[in-house]
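**Q** To start, I am sharing the structure in question, which I have written as structure tokens.
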Amino acid sequence: MTTVICPYCFARTSAAKLPYRCLMTPSGVRGGTPCGPERDDVWAGFVGPGMNPAALLRGPVFAPARGMGALASGLRAGSGSSVPCPDCGVTTTVRVCASCHSDLPSDYCDQDSRIIALVGAKASGKSTYVSVLVNELNQRVGQAYHASLAAMGQATQQRDKEMAEDLYERLRLPDATRPAALGFNDPLLYRLSVPRRGRLGSGTRHTTLVFFDAAGEDLAGAEAMDRYTRYLSAADGIVLLVDPLQLGSVRDRLPLQDGPPLPMVETSPQQIAADLAAQLRAHGKRGSRGRVSTPIAVAVTKTDMLKPLLDAHSPVLRNAPHPEGTYDEDDRLAVHEEIRSLMADWDSGALMRQLELDFDQLSMFGLSALGAPPPADAPADVPKSGPQPVRVEDPLLWLLALRGVLPVRTAGKGRAK
Ligand SMILES: Nc1nc2c(ncn2[C@@H]2O[C@H](COP(=O)(O)OP(=O)(O)OP(=O)(O)O)[C@@H](O)[C@H]2O)c(=O)[nH]1
Ligand SMILES: [Mg+2]
Ligand SMILES: [Zn+2]
Ligand SMILES: [Zn+2]
Numbered sequence: 001m002t003t004v005i006c007p008y009c010f011a012r013t014s015a016a017k018l019p020y021r022c023l024m025t026p027s028g029v030r031g032g033t034p035c036g037p038e039r040d041d042v043w044a045g046f047v048g049p050g051m052n053p054a055a056l057l058r059g060p061v062f063a064p065a066r067g068m069g070a071l072a073s074g075l076r077a078g079s080g081s082s083v084p085c086p087d088c089g090v091t092t093t094v095r096v097c098a099s100c101h102s103d104l105p106s107d108y109c110d111q112d113s114r115i116i117a118l119v120g121a122k123a124s125g126k127s128t129y130v131s132v133l134v135n136e137l138n139q140r141v142g143q144a145y146h147a148s149l150a151a152m153g154q155a156t157q158q159r160d161k162e163m164a165e166d167l168y169e170r171l172r173l174p175d176a177t178r179p180a181a182l183g184f185n186d187p188l189l190y191r192l193s194v195p196r197r198g199r200l201g202s203g204t205r206h207t208t209l210v211f212f213d214a215a216g217e218d219l220a221g222a223e224a225m226d227r228y229t230r231y232l233s234a235a236d237g238i239v240l241l242v243d244p245l246q247l248g249s250v251r252d253r254l255p256l257q258d259g260p261p262l263p264m265v266e267t268s269p270q271q272i273a274a275d276l277a278a279q280l281r282a283h284g285k286r287g288s289r290g291r292v293s294t295p296i297a298v299a300v301t302k303t304d305m306l307k308p309l310l311d312a313h314s315p316v317l318r319n320a321p322h323p324e325g326t327y328d329e330d331d332r333l334a335v336h337e338e339i340r341s342l343m344a345d346w347d348s349g350a351l352m353r354q355l356e357l358d359f360d361q362l363s364m365f366g367l368s369a370l371g372a373p374p375p376a377d378a379p380a381d382v383p384k385s386g387p388q389p390v391r392v393e394d395p396l397l398w399l400l401a402l403r404g405v406l407p408v409r410t411a412g413k414g415r416a417k
């Protein structure tokens, strides 16, 4: 039976048991009285105060009749199926989470979902990264894998549109993300469609991707991180962004340049990784030798600023090849080794040692969402030529390849999967 993980509260429910929400549409039948809006106390409790009271008045929620939900979900029609509201008799397709009553986007319940947790200190580049990543998956990377990415639900579509307008048209960098104490930040939901290849025959494989772009200050300590426990422990993979400009030795080594001012130094990546590992261990994510089983992709961001410290031929400075729509494992290893040796130089390998003790599956990455530093005279702007990202897709593709979503190629073996 399909289990659905709510992308808002991360509760697990069997698809057949997900309640429905009546859409309050008039039936068109003479004499039929449509349902009226009711205050949704469950949802109100979840979103917290601060929500406009009018927005809490919603169509009534009802449990699927016994057998009905099972029948509907069992047919892989899942959320696409419709059932009649017991009060007004008009059919609805909208399913809600049984725990928090958030509406699930249509077809959310139909496919496998992969929750990707995005963590990193304040101003490490999380929001910029997600927006540029989505754009790249839609364009260059999508083309290489014949894949497509679609935003699911109105909230994600709206945010994508606003972020893309800011970054690509108005050339404005995102504002600092608001901390959870100021209100609920919606997760970003996408449907990734990749052609199926190999023995299983052709067709398309759909995977729901759930990203959560938290504010850096909400990940800055064990206590703050607690709020995200359910999200972190539901994650199939973690992307930890490390801002090299917040590392003391990198700051010391960078030649004085007339770039934008260096960011403030926030929580160290080592601290974030240690807190994260403690959280995950406490929630049963134990792998071998006391390490955490959730795979972690650790990506050094803003590599455009590191050019003076890198060899001109460094693999970090160019995009991954994606030969014939496969994930190139040797290319990943080259980048992993390069970042590992740079880190050994920067912090005597302290972060790397900590990660190796804490995580079973780990890979290092280097990326630049913008491709160049923001202009010195306008530090809140994207470089004039627009974002020219380098390697933004690598961490996510590695996590997806680990889960068998993408074909992998390794040296001498041609297409391995
Ligand atoms: N040089 C360079 N700077 C970048 C890049 N991406 C982001 N930045 C800088 O980092 C700043 C912070 O980026 P955000 O994406 O807002 O960082 P965040 O991690 O979401 O920050 P919080 O939401 O406050 O936790 C931006 O305003 C830019 O100045 C990049 O690819 N290269
Ligand atoms: Mg942010
Ligand atoms: Zn929920
Ligand atoms: Zn109704």
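Every letter in the sequence shown is one number past the one before it in UniProt numbering, and letter 241, counting from 1, is 241.
Don't be surprised by glycine CBs; every beta carbon is placed ideally from N, CA and C.
On a predicted model such as this, the values are computed, not experimentally measured, just so you know.
#1: With 8 Å as the threshold, decide whether the Cβ of glycine 221 is near any Cβ in chain B.
#2: Applying the 10 Å Cβ sphere with the 16-neighbour rule, what's the burial state of asparagine 135?
#3: I need the DSSP call for threonine 410, collapsed to helix, strand or coil.
#4: Any heavy atom of ligand 3 closer than 7 Å to the CB of serine 99?
#5: Return the residue from the list Val292, Asp112, Ser131 and Thr3 that minimises the CA-CA distance to arginine 205.
#6: Report the rounded CA-to-CA distance for methionine 225 versus leucine 240, giving the unit in angstroms.
#7: Using a threshold of 7 Å, is the CB atom of aspartate 160 nearer than that to any non-hydrogen atom of ligand 1?
#8: Return the first residue and the last residue of the beta strand (DSSP E) that serine 148 is part of.
#9: So, helix, strand or coil for leucine 192, using DSSP?
#10: Output the residue ranges of the alpha helix (DSSP H) runs that lie fully inside the stretch 4 to 62 and measure 4 residues or longer, sorted by chain position.
#11: Could you tell me which residues DSSP pairs with leucine 241 in its beta bridges?
#12: Can you find a heavy atom of ligand 3 that lies under 7 Å from the Cβ of serine 102?
#13: From the DSSP output, read off the bridge partner residues of leucine 209.
#14: Determine the closest residue to phenylalanine 365 out of Leu254, Ser314, Gln388 and Ala376, with distance taken between C-alpha atoms.
#15: Could you check where the beta strand (DSSP E) with methionine 364 kicks off and where it finishes?
#16: Leaving out five residues before and five after glycine 153 in sequence, what residues of the same chain have Cβ atoms less than 6 Å from its Cβ?
#17: Taking leucine 254 as the reference, give the member of Arg291, Glu337 and Thr303 with the closest Cα.
#18: So, with DSSP's three-state summary, where would you put threonine 92?
#19: Please classify arginine 76 as buried or exposed, where buried requires at least 16 neighbouring CB atoms within 10 angstroms.
#20: Sorted by chain position, which residues of the same chain lie with C-beta nearer than 7 Å to aspartate 275's C-beta, five sequence neighbours on each side aside?
#21: Candidates Tyr228, Arg170, His336 and Leu245: which alpha carbon is nearest aspartate 381's?
#22: First and last residue of the alpha helix (DSSP H) that includes tyrosine 231?
#23: Hey, which residues come within less than 5 Å of ligand 2, measuring from Cβ to any heavy atom, in chain order?
**A** Per the coordinate set shown:
#1: Judged by its chain identifiers, the structure shown contains no chain B, having just a single protein chain.
#2: buried
#3: strand
#4: yes
#5: Asp112
#6: 14 Å
#7: no
#8: 148 to 151
#9: strand
#10: 41 to 47
#11: Gly120 and Ala299
#12: yes
#13: Arg114 and Tyr190
#14: Ser314
#15: 362 to 366
#16: Pro105 and Leu189
#17: Thr303
#18: strand
#19: Reliability of the predicted coordinates at arginine 76 is poor, the pLDDT of 43 falling under 50, and no value is obtained from them.
#20: Gly221, Ala222 and Met225
#21: Arg170
#22: 229 to 234
#23: Lys126, Ser127 and Thr177
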